[in-house]
Ligand SMILES: Cc1cc2nc3c(=O)[nH]c(=O)nc-3n(C[C@H](O)[C@H](O)[C@H](O)COP(=O)(O)OP(=O)(O)OC[C@H]3O[C@@H](n4cnc5c(N)ncnc54)[C@H](O)[C@@H]3O)c2cc1C
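Residue numbers (this note's numbering), protein chains in the order written: chain A, 1 to 316; chain B, 1001 to 1789.
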């Protein structure tokens, strides 16, 4: 471990200035639950740590509708209406912790799958420190916050030397542990449109044990229920089965409008094979992960069809 | 063979006690939960230096040259120490002296220390490590016992041709006749994995030189202070009384802070003497996992024959144990295995061979269980497999063959001087889990195909020799010293490891003296204050040490009672001591307080302390025939597990565990239950999660992100069933509980999974892929996962 300096900026502008000045030598530190491990293991050796913990505006979780967001005015966008033409936009600041997101009434209502994913990150200690911004900036294909953001078609607000931009979540991740953040840029937060009243969703994660387990496979699902046994507006994302989190477009297309029974649900879930390309590592082999992508999705669909109370989401 | 009978010692028929046999709060509980307990890494001395160890670059290599000149001149560096600085023995080891304190001729695994940097700061020491130049000639290496014993395999130790550490056998009866008399013969192979003790506190020691006397004091997280003292003295080339070992609060050990701590103590002491300053050494978690010894992986081949009504006729057992780079405890671990390999069953014809083998993996040694978890996984899986073959219920098969009073073990020992409670524990565990009903219901459920979650129940049973047995001298001591105000010190040759020994010994002293538990202070072990009482291992503390404390306390009590007799004007035979008072039996109003008696004794100039000693009953062993009275008494245990298997993912959820253990007598029932909870959690980790992965000698699971132990979320409801059949030898009839609790759950789970899914898994752990796909992941694995995810 090399010695480093820590700076504690009082504003986003100041943080971005320091980041721009030091370039790749500077790293943002939020909860530190990923970064400190990497520094200790000499996988990263920053000269400057930019501790953003005082930027309280990035801690907010709020509903932004129709108007420009007040606190994040500089970053705010007009609410875009979807085809449904309804639904508020929710903004989750980069510094919101997993515990805060998991217990946020706003998120639990607007995107239960995201709350559920955050509720199953690591342990109580990790959930109390680890942040949404840190999770997505780490850009691990196994990051649990990311699949729900894919399923929500969220976008990531980023600020850098050249100002603020918004990146849709799929383009934000470019490879394992590689994001589209340019040097000097940092994440301000994520925004997504809340799920409609007829939408259902779930997040499921498979780990080697019931807590403190990195996902072997995870799946996030959101769709509008058009009949008790059929969905449209289907959005599915898998974690830990490809270099980045991936959308399962083959499955989505096949599911749309189809009337499902368990046999059909099984058949369609098998199509996930086409959407994932996992690797073999210490937590699971390629073959097993492929199989699990299908099975996790199938289990989730079955629970949705049976109206089981566990259907909302489940992890661990 | 004629089996000698021994007298059964003294048995306390009392059922009423004052302090023992009651749940007592841990005497060291408050300091631990409030964070005030001091661990070795907390210690600080003026002028203290820090030392770091340079590890081997190759698992097997000849060391050609070590050039430390550059490191020597690095900022902050005070000394660089290599084997050339070792004044005494360069190697140590409990059985074979084969392990170098600092490698000199060769490295044999990646945890070997090649040089040591001593510097003013930890960071300076760390940075200078990179400056030590070592020239190696890499040698061909072996990474499995099969490779190691193959013709022409590279040899690790010149004095161990064929890489054999040891060979133990058991020969009983006539195998040919036994198999000929069998209607059913099955042959099965099982495998177990490397596992890590996973104590929360990594190894730590501080050595403080006493230059005037040329002696050294070492403080540390040391399981066996006397073993550490012997190694330090030998390495320094000084007599035992020049080395003082003081045990600090232990953050866990589970058998794991023995050889590795002896080595760390010796290194720290070397550095302290060379620099004339205190030296601290603390392993990182990664070092701890790479350097520290593991539980042995076993390859086990069993062949068993039985009549069609399920009577066992013959069992042939072949076991290879991966001993890793150094012998450590392998000869003793595998000895326990050879004695207990058949399980607690009567079998007239037995033929067992166990070989310990050197490889270039991390060495293996003592770990809670000590050679039992591996064989129990095998024989308890085998019993279920045989039952299936015979069309019998597995519990019935066990009941039919299980030890009863007067049974003869595979080593020819007749079990007739203690309560043989196997049937009792099996029935109690089975009843508690609802074995009979569920087994039937789940079998039927399994036939209804198509369900995603399937349930099963399984059991496993064992018998276990108490204490060291034929391993060696079995004796230990204690001092009980009463102060003039009636407060009490207890010192013991055995050491607190986190298991609750301080509380148990304090309870026994208070019980015998008749004082309050709060009046007793247990003093941490210091080798300069008490005679060598052997190691704190083999679940021997309560039985052996408890007897020694009792012996010492009784001697003091005798003196105190005679003083009290004079004070109360009665003979001391008429007196009783309990609850902080000495009183006339049957007339509690005629009494004096314990403190007043102590004051009176003091003013009369009485000797108020006593030394107690206990030597275990005789045991014997014949290496050639593998026959003997291996242990003086045994404990019996049975655990039953109910599981739910997710057939979509392979995830096994343990729903409930019933754990029935005969402890003789529970000195502290709360501690007994605590041991059961902890043992079940460890047993569950062994069964489902834990595995130190070694790839060509490289440890891949170096921290707890990848080495997975069970969390509180994983541990199911546990029903502890404490069975008490007082033993003739233990204090108040107490036997053992530490190790039996962790040896049974893995096979109980494997049996339950088979009940649920119909799939028999013969290799631990039962991780997701093994349960779902029936095959191990290992072969296909790439790099360390965290580098990718
Ligand atoms: C024991 C343990 C268990 C864990 N379990 C899980 C789990 O189950 N699921 C899971 O998904 N993760 C898990 N993690 C990983 C980690 O906790 C999470 O990814 C967490 O969300 C990271 O957030 P942080 O605030 O701690 O990030 P930090 O460590 O502070 O930062 C992580 C990275 O993101 C960058 N960064 C942080 N904030 C910003 C920002 N606003 N803008 C730009 N860059 C930024 C940092 O420079 C760094 O590169 C676990 C970690 C540990 C140690």
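Glycine included, C-beta positions come from ideal geometry on N, C-alpha and C.
- Leaving aside the five residues that flank residue 1118 of chain B on each side, the residues in its chain whose CB is nearer than 8 Å to its CB run, in chain order, 1049, 1050, 1051, 1077, 1078, 1079, 1080, 1081, 1125, 1271, 1274, 1275, 1279.
- Here residue 1197 of chain B has 1254, 1256, 1367 as same chain residues with Cβ atoms under 6 Å from its own Cβ, once five neighbours each way along the sequence are excluded.
- Residues of the region 1739-1771 of chain B with a C-beta less than 8 Å from any C-beta of chain A: 1767, 1768, 1769, listed in chain order.
- Considered as a whole, the region 1629-1679 of chain B harbours no complete run of any alpha helix (DSSP H) with no fewer than 4 residues.
- Secondary structure note for residue 236 of chain A: its beta strand (DSSP E) is the uninterrupted segment 230-239.
- Taking the Cα of residue 1614 of chain B as reference, the smallest distance to any Cα among B/1143, B/1623, B/1576, B/1543 is reached at B/1543.
- Between residue 1326 of chain B and residue 1259 of chain B, the C-beta spacing is below 9 Å.
- Here the alpha carbon of residue 98 of chain A sits roughly 11 Å from the alpha carbon of residue 107 of chain A.
- When C-beta atoms of the region 286-303 of chain A are compared with those of the region 253-273 of chain A, three or more pairs fall below 8 Å, so the two segments count as touching.
- With 5 Å as the limit, the residues whose C-beta approaches any heavy atom of ligand 1 more closely are A/27, A/28, A/29, A/30, A/31, A/32, A/33, A/34, A/35, A/94, A/121, A/122, A/126, A/130, A/131, A/133, A/134, A/135, A/137, A/138, A/143, A/144, A/186, A/187, in sequence along the chain.
- Burial check for residue 1763 of chain B: the Cβ neighbour count within 10 Å reaches 16 or more, so the residue is buried.
- Per DSSP, the continuous alpha helix (DSSP H) segment holding residue 1502 of chain B begins and ends at 1501-1513.
- Listed in chain order, the positions of the region 200-217 of chain A with a beta carbon within less than 8 Å of a beta carbon of chain B are 206, 208, 209, 210, 211, 212, 213, 214, 216.
- Judged by pairs of C-beta atoms under 8 Å, the region 1362-1380 of chain B touches the region 1331-1340 of chain B, as three or more such pairs exist.
- When secondary structure is reduced to three states using DSSP, residue 1059 of chain B falls in the coil class, being assigned neither helix nor strand.
- Closer than 9 Å to the CB of residue 1061 of chain B there is not a single CB belonging to chain A.
- For residue 292 of chain A, the chain B residues whose C-beta falls within less than 7 Å of its own C-beta are 1649, listed in chain order.
- DSSP places residue 1135 of chain B in the strand class (E or B) of the three-state scheme.
- At a cut-off of 4 residues, the continuous stretches assigned as alpha helix (DSSP H) that sit fully inside the region 214-294 of chain A are 249-255, 262-270, 272-275.
- With its beta carbon at least 9 Å from every one in chain B, residue 52 of chain A lies outside the interface.
- A Cβ-Cβ contact shorter than 9 Å links residue 29 of chain A with residue 51 of chain A.
- Nearest C-alpha to residue 1355 of chain B among B/1324, B/1658, B/1500: B/1324.
- Per DSSP, residue 1383 of chain B lies in no beta strand (DSSP E) segment; the continuous alpha helix (DSSP H) that holds it begins and ends at 1372-1390.
- Looking only at B/1398, B/1464, B/1706, B/1740, the smallest Cα-Cα distance to residue 283 of chain A is reached by B/1706.
- DSSP places residue 1227 of chain B inside the alpha helix (DSSP H), whose first and last residues are 1225-1236.
- By the criterion of a C-beta distance shorter than 6 Å, residue 1559 of chain B is surrounded in its chain by 1606, once the five residues flanking it on both sides are discounted.
- The alpha-carbon of residue 192 of chain A is positioned some 14 Å away from that of residue 101 of chain A.
- Of the candidates B/1346, B/1656, B/1295, B/1284, the residue whose Cα lies closest to the Cα of residue 1310 of chain B is B/1346.
- Cβ atoms of residue 1684 of chain B and residue 1710 of chain B come within 8 Å of each other, at about 5 Å.
- In the DSSP annotation of this structure, the continuous segment of the alpha helix (DSSP H) that includes residue 1748 of chain B starts and ends at 1745-1757.
- Scanning B/1193, B/1238, B/1245 for the CA closest to the CA of residue 1206 of chain B turns up B/1245.
- Membership of residue 1209 of chain B in the beta strand (DSSP E) is indicated by the continuous run 1204-1210.
- Going by DSSP, residue 1247 of chain B is part of no alpha helix (DSSP H) but of the beta strand (DSSP E) stretching over 1243-1247.
- Here the alpha carbons of residue 116 of chain A and residue 134 of chain A stand approximately 18 Å from one another.
- Under the three-state reduction of DSSP output, residue 1305 of chain B falls in the strand class.
- Note that the C-beta distance between residue 1461 of chain B and residue 1425 of chain B is below 9 Å.
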